[in-house]
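See structure below.
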Amino acid sequence: MAAWARAVRGLLLDVSGVLYDSGGEGGGVPIAGSVEAVRRIKAAGLKLQFCTNETQATREKFVKKLQGMGFDISVAEVTAPAPAACRILKERSLRPHLLVHNDLLPEFAEIDKTNPNCVVIGDAAENFTYANLNEAFRVLIGMEKPVLISLGRGRYYKETDGLKLDVGAYMKALEYACDVQAEVVGKPAKMFFESALAEMGVPPQQAGCCGCPQRLFCPACGTSGLRQHVALRELLQGCNRAPELQSQKLCPWKQI
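Heads up, the sequence shown is in our numbering, so the first residue is 30 and it goes up one at a time.
Right, dumping it as structure tokens:
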């Protein structure tokens, strides 16, 4: 084991596509070896913070789903975009027009949404209709200084029935139509990982990250001083890409 790996005290773990594949009647299936990997990491005395751009459910519901798959996880161990977005909305007195999944709405229950002066977009899934996107466009285009907040900027993700467009594709459509640059709350924003480190209580020099797609998760970790997940193979006995998934940049667990 490399010297840096021995110095690691905590890990930031991506969730969807790394620990489980979402979709299906049960909300997803764990990737082979992932439940045991989390158990072994915790048994080794390492701290964990699960970093997710999950915006189709509250953290409580999200954690309950993962616990049902066998993962040892608590709400306090999850860093997600919606709570961070709510803090920004309150700090800046922003009133959002929400284009998010229905199951995420409880996260915004205490936020004033009258006379919107910004748009918040998340992975709205079936709510990404032409009518809903056009309504968000009209709200933005009618502002003197449009404010678009996106709960992530992922291109796509994997569910049990195949790949799905992520929020980033719709964010880019609104950016282009309204000539505005979105403020990204969630991966891969540097602030997101700094918040996760603070919640975990581990400095970046003593933390590692593991996530996919690498271009979205790991480069952002690098900007915060974290180790890249490629080197974590020495610590986790491997987080390798299966050959059949290489073109999709998805990262299942594999024991070596």
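Don't be surprised by glycine CBs; every beta carbon is placed ideally from N, CA and C.
Predicted model, so just to flag it, every value in this text is computed and none were measured.
**Report entry** Collapsed DSSP secondary structure at Gly74 in the structure displayed
**Finding:** coil
Report task. Ignore the nearest five residues each way along the sequence and tell me which others in Asn161's own chain have a CB closer than 8 Å to its CB. Result -> Leu128, Ala153
Requested in this report: Can you check DSSP and say which residues form a bridge with Val149?
Outcome: Leu127, Ile178
Query raised in the report: Run through DSSP, which three-state label would Cys247 get?
Result: Legend: pLDDT at Cys247 = 46, less than 50; position of this residue unreliable, value from coordinates given subsequently. Helix.
**Report entry** Beta-bridge partners of Asp195, as assigned by DSSP
**Finding:** According to DSSP, which records beta bridges pairwise, Asp195 is partnered with nothing at all.
Requested in this report: Look at the alpha carbon of Ile60 and the alpha carbon of Met172, and state the distance between them as a whole number of angstroms.
Outcome: 44 Å
Requested in this report: Assign Arg69 to one of two classes, buried (16 or more other C-beta atoms within 10 Å of its C-beta) or exposed (fewer than that).
Outcome: exposed
Report task. Please classify Asp43: is it buried, with 16 or more other beta-carbons within 10 angstroms of its beta-carbon, or exposed? Result -> buried
**Report entry** Span separating the alpha-carbon of Asn144 from that of Pro175
**Finding:** 14 Å
**Report entry** Between the CA atoms of Gly39 and Gly237 - distance to the nearest angstrom
**Finding:** 7 Å
Requested in this report: Can you grab the Cα-Cα spacing for the pair Phe91 / Asp208, in whole Å?
Outcome: 34 Å
Query raised in the report: Grouping DSSP H, G and I as helix and E and B as strand, with all else coil, what is Phe221?
Result: helix
Query raised in the report: Between the C-alpha atoms of Gly52 and Val64, what's the straight-line distance to the nearest angstrom?
Result: 18 Å
Report task. Using three-state DSSP, classify Gly46 as helix, strand or coil. Result -> coil
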